[in-house]
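Quick note on the UniProt record's numbering: the sequence shown kicks off at 1 and runs consecutively.
In this text, a Cβ means the ideal position worked out from N, Cα and C, and glycines have one as well.
Contents: one structure, followed by commentary.
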Amino acid sequence: MENYSFDINMKLKRVNRLHKIKGDKELNELGIHVGQSFILEVIYMKKSCTQKEIADYLKISTSSITNPIKRLEEKKLIKKQQSKTDLRYNVITLTKEGTLTIKQMLSTINEIEQTMIKDFSPEEVNQLNDFFNRMIYNLQPEGSLEELQKEEYGNMYAESIEVNHKNDNR
C-alpha cells in the first residue's frame, strides 16, 4: 500500500480548519465563544449543575471556567442560585435566552454538518462514519473509547479557553 498519510493528514487538517472557521463565525454571530459553547452544552444536557460538575465533565479545573461562566451570566444566558441542599454551592441553569441560544447553536452545528455531507449518499455517510470510528479505534490509547472522547472534549475546551483568554486581554 502506498503511503497516503501526508495527503490524508493534510485533508483532515483542512476539513477541521474549515469546520472551525465556519463554526467560530456562527458562534460569534450568537455572541459566544467556543469555550462558552461547551459550558452551555453541558448545562443544557444536565439541566442544572454546579461549576465543579461542569469542570469535571470537561476534564478541566474549576477555576478555568470561572470567567467564562461570569460572562455567560452577564449576557443573561445562565443564572446561578445557591443550592438548596448544600449552601456551599451554586446551581447553574440556563435562562430562557440561554436555552434559545443553545438551540440556535445546535441548529447551526447541524447545518454546518449537513453542508459538509450535502453531496454524500446515506451509504457514503455511514461509510465515512465507519472510517472515522476505525481511525479513532486505531489511534486510541489503551482504555475505553468513552474516556478518550471525554479527554478529547476537555482538551478542545481547554484550547478554546486559552485562545479566548488571549483575545480578551487585547
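With a threshold of 7 Å on Cβ separation, who are the neighbours of residue i within its own chain once the five nearest residues in sequence on each side are excluded?
i    : result
L30  : T101, Q104 and M105
Q114 : none
Y44  : L94 and I102
Below 8 Å on the Cβ atoms is my guess for residue i versus residue j; work out the distance and round it to an integer in Å.
i   : j   : result
I39 : I54 : 6 Å
V91 : S48 : 5 Å
Quick check: the Cα distance between residue i and residue j, rounded to an integer number of angstroms?
i           : j    : result
G98         : K13  : 32 Å
K20         : M116 : 12 Å
K118        : K84  : 48 Å
D86         : V15  : 45 Å
I66         : Q51  : The identity of residue 66 in the sequence shown is Thr, whereas the question assumes Ile. Looking at the two C-alpha atoms, the distance is approximately 8 Å.
L27         : N126 : 28 Å
F6          : E124 : 23 Å
K11         : N129 : 16 Å
D168        : K70  : Unreliable positioning characterises D168 in this predicted model, as indicated by a pLDDT of 45, which lies under 50. A coordinate reading is not provided.
F132        : R88  : 43 Å
Q81         : I136 : 40 Å
residue 205 : K25  : An answer regarding residue 205 cannot be provided, because it is not within the stretch 1 to 170 covered by the chain.
N138        : K76  : 43 Å
R134        : I8   : 14 Å
Tell me which same chain residues have a C-beta within less than 6 Å of the C-beta of residue i, skipping the five on either side of it?
i    : result
E111 : none
T62  : Q51, K52 and A55
I109 : none
Candidates the options: which alpha carbon is nearest residue i's?
i    : options                : result
E74  : F131, L87 and L94      : L94
K96  : D24, Q82, F132 and L72 : L72
S107 : K76, N9, G23 and I8    : G23
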